[in-house]
Amino acid sequence: MTGTQVRPRPDEAPGDGRRSASAQEADRARRRRRRKEALAAYLFLTPWFGGLLFITAGPLLASLYLSFTDYSLIGGSDWVGLDNYTRMFSEDPRFLKALQNTTIYVFVSVPLQLAFALLLALVLDRGVRGLAVYRSVYYLPSLLGSSVAIAILWRKVFGDDGLFNHFLGLFGVDGHSWIGDPSTALGTLIVLNVWTFGSPMVIFLAGLRQIPVSYYEAAGIDGAGKVRQFFHITMPLLTPVIFFNLILQLIGAFQSFTQAFVVSGGNGSPSDSTLFYTMYVYTKGFNSFEMGYASAMAWFLVIIIACLTALNFLMSKYWVFYGDN
999 MTGTQVRPRP DEAPGDGRRS ASAQEADRAR RRRRRKEALA AYLFLTPWFG GLLFITAGPL
1059 LASLYLSFTD YSLIGGSDWV GLDNYTRMFS EDPRFLKALQ NTTIYVFVSV PLQLAFALLL
1119 ALVLDRGVRG LAVYRSVYYL PSLLGSSVAI AILWRKVFGD DGLFNHFLGL FGVDGHSWIG
1179 DPSTALGTLI VLNVWTFGSP MVIFLAGLRQ IPVSYYEAAG IDGAGKVRQF FHITMPLLTP
1239 VIFFNLILQL IGAFQSFTQA FVVSGGNGSP SDSTLFYTMY VYTKGFNSFE MGYASAMAWF
1299 LVIIIACLTA LNFLMSKYWV FYGDN
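Residue numbers for the sequence shown follow my numbering, beginning at 999 and rising by one.
Here you go:
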């Protein structure tokens, strides 16, 4: 009988075959454990994927389709192409009024809110006693600012017999209904948004705590005063935080709804001076049942926010400074 017999190599120790088999078994066990962990992770993520698909992505795509139709929520829908989008600018003066009100509200209230939040953060960063208490008190308006109760309170404060008129009366100034006057109604909502400065203030405070104290000590030795330290150390190193707050507050302000809806009684009164964009979308969709038109307005708002956000990111390279530059 002839055949080839494989002999073990001289440098191969006895038992290497058994160790190799045990190593392969350990690899298989490790792969099985990883598959089980991955399966468990996907099971836990299933509700999130379901919500993303059926609650977010599905309605999002459906509204994009409806924006090109005359869907009225009750009957069927016919494809109308870009008619809803052209109607906004050619046949609907209330749309332009809502866009104007929202633009003024955003570009006035957001800078004021950020400036006020930064000022309070600088004061709290000086190491006052009871910092946690002050931080909680100042953050409270951010939690309550978008609530219905605060909007009702705002009507009382700036009404005919409101607290603001009583305050002016102390100085002999005759007040009036600041909510009922078309020239001042939008201003009261801007004040309400500025009052909810707590959220950006907490972020500013966290950013101030990240600036090394040694920078200020070195600047002080070189003779730099507090004002110069603020503009040459604090502001440049805080620009990433300012940029972050700006993006967040800009997007949030464009989506403001509750305050204007409650203060105006849901119709943008007086004389459409408090008619916000989102409130007009709601009115067209759920009061007039013009879902196709409301969807088109909603998508136009998405485009506005996306363009402004992209513009801010493009401009950020000229004024936002990170550690490496």
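Even glycine gets a Cβ: it sits at the ideal position worked out from N, Cα and C.
Quick caveat, the model's predicted, so the values are computed rather than measured.
Same chain only: Cβ atoms within 6 Å of D1009, ignoring 5 sequence neighbours per side: In this prediction, D1009 scores a pLDDT of 49, lower than 50, which makes its location untrustworthy; the coordinate-derived value is nonetheless stated afterwards. Cβ-Cβ distances below 6 Å link D1009 to nothing in the same chain once the five nearest sequence neighbours on each side are left out.
Rounded to whole angstroms, what is the Cα-Cα separation between S1271 and G1173? Per the coordinates, the alpha-carbon of S1271 lies some 19 Å from the alpha-carbon of G1173.
Fully enclosed by the region 1025-1085, which beta strand (DSSP E) runs are 3 residues long or longer? If you keep only unbroken beta strand (DSSP E) runs of at least 3 residues inside the region 1025-1085, you get nothing at all.
Span separating the alpha-carbon of I1249 from that of V1171: Cα-Cα distance, rounded: 37 Å.
For the alpha helix (DSSP H) containing E1089, list its first residue and its last residue. That residue, E1089, is in no alpha helix (DSSP H); it is neither H nor E in DSSP.
Could you name each continuous alpha helix (DSSP H) segment of 4 residues or more that falls completely within the region 1113-1159, going from the start of the chain to the end? The region 1113-1159 contains these whole alpha helix (DSSP H) runs: 1129-1142 and 1146-1155.
Helix, strand or coil for S1329, going by three-state DSSP, please let me know. With the chain covering only 999 through 1323, there is no way to say anything about residue 1329.
Evaluate contact between the region 1126-1138 and the region 1207-1217, counting only Cβ atoms and requiring at least three cross-stretch pairs below 8 Å. These segments do not touch.
What did DSSP end up calling A1222 once you bin it into helix, strand or coil? DSSP, reduced to helix, strand and coil, places A1222 outside both helices and strands of the structure shown, so it counts as coil.
Report the residue from L1151, I1072 and L1122 whose alpha carbon sits nearest the alpha carbon of F1287. With distances taken between Cα atoms, F1287 lies closest to I1072.
Ordered list of alpha helix (DSSP H) runs contained in the region 1238-1294, each at least 4 residues: Runs found: 1256-1261 and 1275-1280.
Pick helix, strand or coil for Y1320, following the three-state DSSP scheme. Y1320: coil per DSSP, three-state reduction.
Sequence-distant residues of the same chain with beta carbon closer than 7 Å to I1177, five excluded per side: If you ignore the 5 residues before and after I1177, its C-beta comes within less than 7 Å of the C-beta of R1153, F1156, G1157, A1183, T1186 and V1261, all in its own chain and listed in chain order.
Buried or exposed by the 16-neighbour rule on C-beta atoms within 10 Å, applied to G1290: Burial call: buried.
Between S1314, F1311 and S1293, which lies nearest to L1058 when the distance is taken from Cα to Cα? Ranking the options by Cα distance to L1058, first place goes to S1293.
If you draw a straight line from the C-alpha of K1034 to the C-alpha of Y1040, how long is it? One C-alpha to the other measures close to 10 Å.
Around the Cβ of T1000, are there at least 16 other Cβ atoms within 10 angstroms (buried) or fewer (exposed)? Residue placement at T1000 cannot be trusted, given a pLDDT of 43 that sits under 50; what the coordinates show is reported in the next sentence. It is exposed - the Cβ of T1000 has fewer than 16 other Cβ atoms within 10 Å.
Rounded separation between A1038 and Y1137 - CA only: The straight-line gap separating the alpha-carbon atoms of A1038 and Y1137 is approximately 38 Å.
For T1067 and S1075, the rounded distance between their alpha carbons: S1075 and T1067 have their C-alpha atoms some 6 Å from each other.
For L1129, which residues of its own chain have a beta-carbon under 8 Å away from its beta-carbon, when the five flanking residues on both sides are left out? Once the five neighbours on either side are set aside, the close Cβ partners of L1129 are L1122.
If we count the other Cβ atoms within 10 Å of its Cβ and call it buried at 16 or more, is I1148 buried or exposed? Using a 10 angstroms sphere on the CB of I1148, the tally of other CB atoms reaches 16 or more, which defines it as buried.
Nearest CA to the CA of V1318: which residue from I1245, T1237, L1273 and T1281? In terms of CA proximity to V1318, T1237 leads the group I1245, T1237, L1273 and T1281.
Can you round the beta-carbon distance between L1299 and Y1275 to whole angstroms, since I take them to be within the 8 Å contact cut? Their Cβ separation, rounded to whole angstroms, is 6 Å, which keeps L1299 and Y1275 in contact under 8 Å.
Is L1235 near A1119, with beta carbons less than 7 Å apart? Contact: no.
Using C-beta distances below 6 Å, list every residue in its chain close to Y1280, excluding the 5 sequence neighbours before and after it, in chain order. Apart from sequence neighbours up to five positions away, no residue of its chain approaches Y1280 with a beta-carbon distance below 6 Å.
C-alpha gap between D1090 and M1199, whole angstroms: Within the model, the alpha-carbon separation for D1090 versus M1199 is close to 39 Å.
What three-state label does DSSP hand L1309 in the structure shown? The three-state reading of DSSP puts L1309 in helix, counting H, G and I together.
Contacting residues, own chain, Cβ-Cβ under 8 Å from L1206 (five flanking each side not counted): Excluding positions up to five away in sequence, the list reads A1119, L1120, D1123, T1232 and L1236.
Same chain, Cβ closer than 7 Å to I1303, neighbours up to 5 away in sequence not counted: Correct list, in chain order: I1249 and F1252.
Host alpha helix (DSSP H) of H1230 (start-end): Looking at the DSSP string, H1230 is not in any alpha helix (DSSP H), and its letter there is neither H nor E.
With Q1098 and N1191 assumed to form a contact (beta carbons below 8 Å), what rounded beta-carbon distance in angstroms separates them? Their Cβ separation, rounded to whole angstroms, is 17 Å, which puts Q1098 and N1191 out of contact at 8 Å.
Exposure label - V1104; buried when at least 16 CB within 10 Å: By the 16-neighbour rule on beta-carbons within 10 angstroms, V1104 is buried.
How would you label S1061, buried or exposed, when you count the other beta carbons within 10 angstroms and need 16 or more for buried? By the neighbour-count rule (16 or more Cβ atoms within 10 Å), S1061 is buried.
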